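I have placed the structure first, in the form of structure tokens, so that the comments after it can refer back to it.
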Amino acid sequence: MHNLWIPVVAIVVVAGLIFGSQAYSEAQRDAHIAAMISERLDSQAPAEISHFTRVNKGYGVCGDYKLPSAESGRFYYNSATKRLALGTDAPLYQDNCESVYN
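Position 93 of the sequence shown, counted from 1, bears residue number 94 in the working numbering, the numbering being contiguous throughout.
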């Protein structure tokens, strides 16, 4: 019975590491997107991003952004190419997010 606990504990630890690293990666991605939006729009304060929808088999993210100056809009970010599109008029946004929100 004592030997049964070793594999059970190992499985729980590995599962925790996998899910924990994924959550950490998503938090880093979100912070990177917010910083890119602020930089692109010449804002000193970070953008607040929300309403995420994954597209393109998880490689793309559609969502909304809002700056403290009350400016807001929608964005598309491709995590593979690190490309950011701001606004619903951007071709990248239309190609990847238009069908999600309509």
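Glycine included, every Cβ here is placed at the ideal spot set by N, Cα and C. Just so it is clear, the structure is predicted and the values come from calculations on it, not from any experiment.
Spatial neighbours of Glu86 in its chain, beta-carbon cut-off 7 Å, leaving aside the 5 residues before and after: In the sequence as presented, Glu is not what sits at residue 86; that position holds Ala. The answer, listed in chain order, is Phe76, Tyr77, Leu93 and Tyr94.
Rounded straight-line distance, which links the Cα of Ile34 to that of Glu40: 10 Å
Buried versus exposed call for Ile12 [16 or more other C-beta atoms within 10 Å across all chains shown]: exposed
Nearest neighbour of Leu68, chosen from Ser80, Lys58, Ile50 and Thr54 [CA to CA]: Ile50
Member of Cys98, Ala36, Ser73 and Leu42 whose CA lies at the smallest distance from the CA of Gly59: Cys98
Residues near Asp131 in its chain [Cβ-Cβ closer than 8 Å; skip 5 each side]: It is not possible to answer for residue 131, since the shown part of the chain is limited to 2 through 103.
Cα-Cα separation between Ala81 and Val62, rounded to whole angstroms: 11 Å
Assigned exposure category for Ala48 - 16 Cβ within 10 Å defines buried: buried
Closest by C-alpha distance to Ser44, when choosing among Ala71, Thr54 and Gln29: Ala71
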